[in-house]
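Structure record follows, encoded as structure tokens.
Number of protein chains: 2
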Amino acid sequence: MSKLLIVGSVAFDAIETPFGKTDKILGGAAPYIALSASQFDIESAIVSVIGDDFPEAYLEMLRKHKVDTTAIERIPGGKTFFWKGKYHNDLNSRDTLETQLNVLADFNPKVPDAYKEVEIVMLGNLHPAVQLDVLNQLNKKPKLAALDTMNFWMDNALEDLKKVIARVDIITINDEEARQLSGEYSLVKAARAIEAMGPKYVVIKKGEHGALLFHEGQIFFAPALPLEEVFDPTGAGDTFAGGFTGYLTKTNDISFDNMKKAIIHASNLASFCVEKFGTERMQELTKKEVQQRLQQFKELTQFEIELT
Amino acid sequence: MSKLLIVGSVAFDAIETPFGKTDKILGGAAPYIALSASQFDIESAIVSVIGDDFPEAYLEMLRKHKVDTTAIERIPGGKTFFWKGKYHNDLNSRDTLETQLNVLADFNPKVPDAYKEVEIVMLGNLHPAVQLDVLNQLNKKPKLAALDTMNFWMDNALEDLKKVIARVDIITINDEEARQLSGEYSLVKAARAIEAMGPKYVVIKKGEHGALLFHEGQIFFAPALPLEEVFDPTGAGDTFAGGFTGYLTKTNDISFDNMKKAIIHASNLASFCVEKFGTERMQELTKKEVQQRLQQFKELTQFEIELT
Chain A
878 MSKLLIVGSV
888 AFDAIETPFG
898 KTDKILGGAA
908 PYIALSASQF
918 DIESAIVSVI
928 GDDFPEAYLE
938 MLRKHKVDTT
948 AIERIPGGKT
958 FFWKGKYHND
968 LNSRDTLETQ
978 LNVLADFNPK
988 VPDAYKEVEI
998 VMLGNLHPAV
1008 QLDVLNQLNK
1018 KPKLAALDTM
1028 NFWMDNALED
1038 LKKVIARVDI
1048 ITINDEEARQ
1058 LSGEYSLVKA
1068 ARAIEAMGPK
1078 YVVIKKGEHG
1088 ALLFHEGQIF
1098 FAPALPLEEV
1108 FDPTGAGDTF
1118 AGGFTGYLTK
1128 TNDISFDNMK
1138 KAIIHASNLA
1148 SFCVEKFGTE
1158 RMQELTKKEV
1168 QQRLQQFKEL
1178 TQFEIELT
Chain B
878 MSKLLIVGSV
888 AFDAIETPFG
898 KTDKILGGAA
908 PYIALSASQF
918 DIESAIVSVI
928 GDDFPEAYLE
938 MLRKHKVDTT
948 AIERIPGGKT
958 FFWKGKYHND
968 LNSRDTLETQ
978 LNVLADFNPK
988 VPDAYKEVEI
998 VMLGNLHPAV
1008 QLDVLNQLNK
1018 KPKLAALDTM
1028 NFWMDNALED
1038 LKKVIARVDI
1048 ITINDEEARQ
1058 LSGEYSLVKA
1068 ARAIEAMGPK
1078 YVVIKKGEHG
1088 ALLFHEGQIF
1098 FAPALPLEEV
1108 FDPTGAGDTF
1118 AGGFTGYLTK
1128 TNDISFDNMK
1138 KAIIHASNLA
1148 SFCVEKFGTE
1158 RMQELTKKEV
1168 QQRLQQFKEL
1178 TQFEIELT
């Protein structure tokens, strides 16, 4: 069976939404990615870094989801990356109230030997130099390297970012970031420009408006499930990335047709993530719930029109 | 064969977009609705009002699309409604530079006798008192009355608007208007609140982000086709409404399943409207082009996932 290598932050988040606030809870891209991918019963490993203050219980919880945590390096005397943010009333925008990089500032990723010939790699949102470092540690080119990034790296590490973009097969970014990276307002043109930078596949995430998959002129669209209430959007994009790469790992098929299914699974899983604070909903999510909501996705999008 | 009764403005528009500007060209909700509906080879009639200055050639063009123009009243000495607007660079927002109500200020709609027992009525965006007047002139309750409106009437004629909303079967409004009308941010909750005001079906238009159809807890979503370039968004919502009601008129089937198809046809037709200034693209649109783009809609949205 193929395995999934995940690189990304492991963090403490303190989150405030119109519905409530949390103290420090489990956060960071990697746990969201791993929990989402775990829905496909695959083996995965996280490459990351934490401090002394990080509870063993969080690692234990990840291991229960078949996540190899041996490459999450614990730095003696170090403190775990911390992010504090507050969402606005519409939940579409947020203010960062505090960022403490802590051990993430000097992160030297170490890919476990058992993952050096891995088929699928998910490079979660992190400094692009770290993402590149991980690719360079692999013994062979993976079947699929997927990259998630954000505008922060476009502003602060564009040259490194361009290098890693040139090395990956697929990139997932949001609509505003796609526009910033490409200089094109039209997402069709933006995707084409980004494909020219390296990735053969481009996924543009539009939050509550769904996600678009682009590949050589073909386009597929997955809506976001219309929800009564979004409780906490934190981690939705990472959950999407984990669902996407988790499904591809499980099926070991990176055709465009299979990526369509992957993007639907990804949207489906992300729709759960936002229903509770942090990773809470993803930790308890059952296969039955996932299947039921996939049925809702079908009803939401499938139609029959005969063409003449 | 069933027929479609259309009420709406017939106007001159002067439009400026980042791509160019027009002098006075054919505008108003009704011509967009009628041209879009004409793709289904149905008979329709427009109830509206124009001034002396309105070219006969525009009416002739509509008649060539099987649109009955006898109930478009020409007011001697009157001037046609005129709107001038300028779109911002992202084309998602616009400034109204000039509005001359002219003959529309004293519009007394007159439904032609041949349409007083019509099955489908499309009440295009107009003063809700005019929309009500039209419903009151019908000899019997139509099979389906559809209403389009906008925030202007919520701000300025809310009581009349609520009366007409209570009388129609389906309402089409955009996301911000749905929020304003319902007081709910979540579109799922907003649709439920609007259903409680009367219409059994609610369509929420999200522009480039597609459209949602709500009915008693069921939801269907039609994306907007991702376009390389939007040239002029004017009339896209009216074209959507015309495609929707035109398809329902053609098929004479107002089941939820058929409405799904209608909303896909509606999105499909709206995707053409924005490719040129005003009604230009809709006037020249061929059946072959429409069918080809429907195939693109299928490829964009259809997937196969087996549920366990």
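Chains as they are written, first to last, in the numbering used here: chain A, 878 to 1185; chain B, 878 to 1185.
No residue lacks a Cβ here, since even glycine has one placed at the ideal position from N, Cα and C.
- Counting only runs that start and end inside the region 880-925 of chain B, the alpha helix (DSSP H) elements of at least 4 residues fall at 906-914.
- The beta carbon of residue 1137 of chain A falls within 8 Å of a beta carbon belonging to chain B, placing the residue at that interface.
- In this structure, DSSP gives residue 992 of chain B a helical state, which the three-state scheme calls helix.
- Proximity of residue 986 of chain B to chain A, defined by a Cβ-Cβ separation below 8 Å, is not satisfied.
- The Cβ atoms of residue 1098 of chain A and residue 1177 of chain B sit closer than 8 Å to each other.
- With distances taken between CA atoms, residue 981 of chain B lies nearest to B:1007 out of B:1128, B:966, B:1076 and B:1007.
- Residue 1063 of chain A has a beta carbon lying within less than 8 Å of a beta carbon in chain B.
- Looking at the DSSP output, residue 940 of chain A sits in no beta bridge, so it has no partner there.
- Judged by pairs of C-beta atoms under 8 Å, the region 1070-1083 of chain B does not touch the region 1147-1164 of chain A, as fewer than three such pairs exist.
- Taking all protein chains in view, the Cβ of residue 896 of chain A is surrounded by fewer than 16 other Cβ atoms within 10 Å, so the residue is classified as exposed.
- Within the same chain, Cβ atoms closer than 8 Å to the Cβ of residue 940 of chain A are found at 946, the five residues on either side in sequence being excluded.
- Separation of residue 893 of chain B and residue 963 of chain B (C-alpha to C-alpha, rounded to the nearest whole angstrom) is 5 Å.
- In summary, no residue of the region 909-928 of chain A has a CB separated from any CB of chain B by less than 7 Å.
- Shown in chain order are the members of the region 1060-1091 of chain B whose Cβ falls below 8 Å from a Cβ of chain A: 1062, 1063, 1064, 1065, 1066, 1083, 1086, 1087 and 1089.
- Under the DSSP assignment, residue 1021 of chain B falls outside any alpha helix (DSSP H), being part of the beta strand (DSSP E) whose first and last residues are 1021-1025.
- For residue 1103 of chain B, the chain A residues whose Cβ falls inside 7 Å of its Cβ are 1064, 1065, 1089 and 1096, in order along the chain.
- Cα atoms of residue 1052 of chain A and residue 1095 of chain A: separation of roughly 18 Å, rounded to the nearest angstrom.
- Taking the Cβ atoms as the reference, residue 1140 of chain A lies roughly 5 Å from residue 1090 of chain A, within the contact range of under 8 Å.
- Contacts between residue 1180 of chain A and chain B, judged by CB atoms closer than 9 Å, involve 1097, 1099, 1134, 1137, 1138, 1140, 1141, 1174, 1175, 1178 and 1179 in chain order.
- Taking 9 Å as the cut-off between beta carbons, the residues of the region 1103-1123 of chain B near chain A are 1103, 1104, 1105, 1106 and 1107, in sequence order.
- Listed in chain order, the positions of the region 1138-1171 of chain A with a beta carbon within less than 7 Å of a beta carbon of chain B are 1138, 1141, 1168 and 1171.
- Look at residue 1074 of chain B here: in three-state DSSP terms it is coil, with no helix or strand label.
- The closest CA to that of residue 1044 of chain A, considering only A:1073, A:943 and A:899, is found on A:1073.
- The continuous beta strand (DSSP E) containing residue 977 of chain B extends over residues 971-977.
- Per DSSP, residue 929 of chain B has no beta-bridge partner at all.
- Contact check for residue 879 of chain B against residue 1116 of chain B fails: the beta carbons are separated by 8 Å or more.
- Ranked by Cα distance from residue 1034 of chain A, the options A:1002, A:1018 and A:888 are led by A:1002.
- For residue 957 of chain B, not one C-beta of chain A is nearer than 8 Å to its own C-beta.
- The C-beta of residue 1184 of chain B comes closer than 8 Å to at least one C-beta of chain A.
- For the region 962-977 of chain A, the beta-carbon criterion of a distance under 7 Å to any beta-carbon of chain B is satisfied by 967.
- Closest option to residue 899 of chain A, judged by alpha-carbon separation, among A:1104, A:918, A:996 and A:961: A:961.
- Taking the CA atoms as reference points, residue 983 of chain A sits about 24 Å from residue 921 of chain A.
- By a beta-carbon distance limit of 8 Å, residue 925 of chain B contacts residue 949 of chain B. Their separation comes to about 5 Å.
- DSSP lists no beta-bridge partner residue for residue 1157 of chain B.
- Taking the C-beta atoms as reference points, residue 910 of chain B is found no nearer than 8 Å to residue 957 of chain B.
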